[in-house]
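Some notes on the structure that comes next.
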Amino acid sequence: MQEKELKYIAEHYQTPCFIFDLEAVKERVKKMREIVGGAYRLCYSIKANPFLIPTMAEITDKLEVCSPGELSICKALHVEPTKILYSGVNKTEVDVTDAMEYGVIYYTAESLLHMDIVNEVAGKYQKKVEILPRLNAGSQFGMSKEDLFSIYANEEKYPNVIVKGIHYFAGTQRKKNDKQIKELDMLLELIKEIQTTFNRKVEQIEYGPGLSVPLFEGDDFSDTLKPLENIHAKLKELSEVVDLTIEMGRFYSTFCGTYLTRAMDCKSNEGVNYCIVDGGMNHLNYYGQMMGMKVPHIQHLHACDDRTEMNWCLCGSLCTTADVLVRDVSLQGLHEGDYLAFNNCGAYSVTEGIHLFLSRTMPLILLRTAENEYIVAREMQESYPINTIQNYE
């Protein structure tokens with residue numbers, strides 16, 4: 061965002077706050093669509109940033125929902141239930157019932173137990189829903205190939221579900237695209253094996269490529285869509301065999317987010333310059349940031365004309381030595397009253413922060429719809445009531 065607009069926000073709204081630029085995320089998805097060329101569909105994992113749900117519901121083909129709470133958010137925002145893929149571990153009968161009553165018809169199965177639960181609930185409602193068993197990729201998620209094949213071998217056990225294909229996701233922020241290429245080749249071979257073994261077609265693949273985005277100084281920001289371009293040919297090859305959807309969160313939303321915080325106290329201790337800001341690690345989080353050792357892109361909004369360059373350790377307002385946003389960064393003329401805008405935090409940061417620690421106030425959240433036009437998505441909220449004993453006398 062331009063410095064002029066950030067100053068406007070600082071003057072007219074409270075800090076700390078997150079600003080999510082809806083125009084920026086729309087433009088990014090538009091550019092992704094140009095690469096994809098209609099060959100496969102786009103799914104947004106709402107855990108990356110639930111405040112983008114209404115926008116992403118309009119511009120992507122599906123929304124991946126991974127918890128009962130996320131489903132409740134979608135209900136509150138009147139998301140079309142047929143756009144929802146209900147995913148995630150630990151689905152209970154209550155959870156699936158809730159989703160089915162809302163009208164969700166697409167599910168993933170993390171295990172044979174999930175297959176049984178979804179089938180049973182669908183039977184109670186006399187519905188036939190679609191399901192994608194998730195193939196394990198070396199973690200606690202998904203099922204073994206043996207369990208996957210047992211589903212295909214015994215589909216009559218699940219009369220109330222239609223097994224449409226496979227869900228596969230291995231990890232996030234994977235910078236070497238040869239990993240995705242190998243996975244896509246594996247899926248192509250698996251499709252052939254299922255067709256040969258069970259004499260039936262695999263109709264759909266929901267694939268999470270875990271494409272990486274640059275976040276810190278030294279990362280390459282020259283073409284942030286390059287990872288998608290690198291694997292597009294192989295994705296297109298797979299899409300010619302099955303109905304393919306790629307599922308992502310971070311890759312869509314990272315660059316639409318800015319965290320604005322104010323310098324409250326500047327001091328020097330034993331040769332180190334410390335700046336305490338009104339936010340902190342309870343709000344701001346970057347994937348791969350290690351105790352503030354890496355430097356994200358920061359815009360400095362000055363309150364005075366001083367431009368003396370000094371190195372600073374930027375710390376938050378929490379009473380813990382862990383609250384270091386950046387361990388060592390060079391800034392010009394940093395003073396109390398200045399504002400610092402941390403960029404590229406549109407994914408996960410807003411929900412991954414440890415908001416309840418030390419009962420600090422939760423940040424304001426703004427949605428930018430155009431220059432100097434904003435919607436207050438969430439006012440500042442106190443966290444202390446959640447940390448207070450209820451009914452204490």
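For the sequence shown, counting from 1, position 212 maps to 272 in this note's numbering; every step adds exactly one. Where a beta carbon is used, it is the ideal one built from N, C-alpha and C, also for glycine.
Given a threshold of 16 other Cβ atoms within 10 Å of its Cβ, counted over all protein chains shown, does ALA136 qualify as buried or as exposed? Numbered from 1 along the sequence shown, position 76 holds the residue referred to as residue 136. Per the 10 Å Cβ criterion, exposed.
When you compare only the Cα positions, how much space is there between ARG310 and ASN329? For the purposes of this step, residue 310 is taken as residue 250 along the sequence shown, with counting starting at 1. For the purposes of this step, residue 329 is taken as residue 269 along the sequence shown, with counting starting at 1. The alpha-carbon atoms of ARG310 and ASN329 are separated by roughly 38 Å.
Whole-angstrom C-beta distance between HIS362 and ASP398, which should lie under 8 Å: Counted from its first residue, the sequence shown places residue 398 at position 338. Counted from its first residue, the sequence shown places residue 362 at position 302. Contact flag correct, Cβ pair sits at about 6 Å.
Beta-bridge partners of TYR30, as assigned by DSSP: Any answer about residue 30 is impossible in this case: the structure gives the chain only from 61 up to 453.
What residue ranges within the region 370-432 form continuous alpha helix (DSSP H) runs of no fewer than 4 residues, ordered along the chain? 409-412
Checking 8 Å against the spacing of the C-beta atoms, do GLU18 and GLY202 come in under that value? Shown here, the chain extends from 61 to 453; a query on residue 18 therefore has no answer.
What first and last residue would you give for the alpha helix (DSSP H) that runs through GLY129? Taking the sequence shown and counting its residues from 1, the one referred to as residue 129 is at position 69. Its alpha helix (DSSP H) spans residues 128-136.
Quick one: Cα of THR257 to Cα of LEU172, how far? Position 197 of the sequence shown, counted from the first residue, corresponds to residue 257. Position 112 of the sequence shown, counted from the first residue, corresponds to residue 172. If I take the Cα positions, the gap works out to 20 Å.
Within 8 Å, strictly: CB atoms of LEU418 and LEU374: As a position in the sequence shown, residue 418 is number 358, starting the count at 1. As a position in the sequence shown, residue 374 is number 314, starting the count at 1. For LEU418 and LEU374, no; Cβs fall outside 8 Å.
Suppose only complete runs of 4+ residues qualify. What are the alpha helix (DSSP H) ranges in the region 254-339, listed by chain order? 286-299, 310-313
Close Cβ partners of MET351 (< 8 Å) along its chain, the five nearest in sequence each way excluded: Stepping through the sequence shown from its first residue, residue 351 is reached at position 291. Hits under 8 Å: ALA382, VAL384, ARG387.
Backbone secondary structure at PRO356 - three-state DSSP: What you label residue 356 is simply residue 296 of the sequence shown in a count that begins at 1. DSSP places PRO356 in strand when its eight states are reduced to three.
Do we get a CB-CB distance below 8 Å when we pair GLN74 with the residues of chain D? Of the protein chains in the structure, only one exists, and it is not chain D.
According to DSSP, what are the bridge partners of HIS227? Along the sequence shown, read from residue 1 onward, the residue named residue 227 stands at position 167. Paired residue(s): ARG194, GLU266.
Using DSSP bridges, identify the partner residues of THR168. Residue mapping note: residue 168 aligns to position 108 of the sequence shown, counting from 1. BP columns for THR168 point to LEU192.
So for GLN240, helix, strand or coil by DSSP? Counted from its first residue, the sequence shown places residue 240 at position 180. Of the three classes helix, strand and coil, the one that applies to GLN240 here is helix, per DSSP.
Please return the same chain residues whose Cβ sits closer than 7 Å to the Cβ of GLU251, not counting the five positions on each side in sequence. Taking the first residue of the sequence shown as 1, we reach residue 251 at position 191. Reading off the sequence shown, one finds Ile at residue 251, where the question assumed Glu. So the qualifying residues of the chain are VAL262, VAL301, VAL302.
Alpha-carbon to alpha-carbon, LYS151 and GLN186: Residue 186 sits at position 126 when you count from the first residue of the sequence shown. Residue 151 sits at position 91 when you count from the first residue of the sequence shown. Each residue's Cα considered, the two are about 20 Å apart.
Straight-line CA distance for LYS18 to TYR434? Outside the shown range of the chain, which is 61 to 453, sits residue 18, and nothing can be said about it.
When DSSP labels each residue in this structure, what does LEU361 get in the three-state scheme? For the purposes of this step, residue 361 is taken as residue 301 along the sequence shown, with counting starting at 1. Correct three-state label for LEU361: strand.
Taking buried to mean at least 16 other C-beta atoms within 10 Å of its own C-beta, is GLY348 buried or exposed? Position 288 of the sequence shown holds residue 348. Looking at its Cβ environment, which holds fewer than 16 other Cβ atoms inside 10 Å, GLY348 is exposed.
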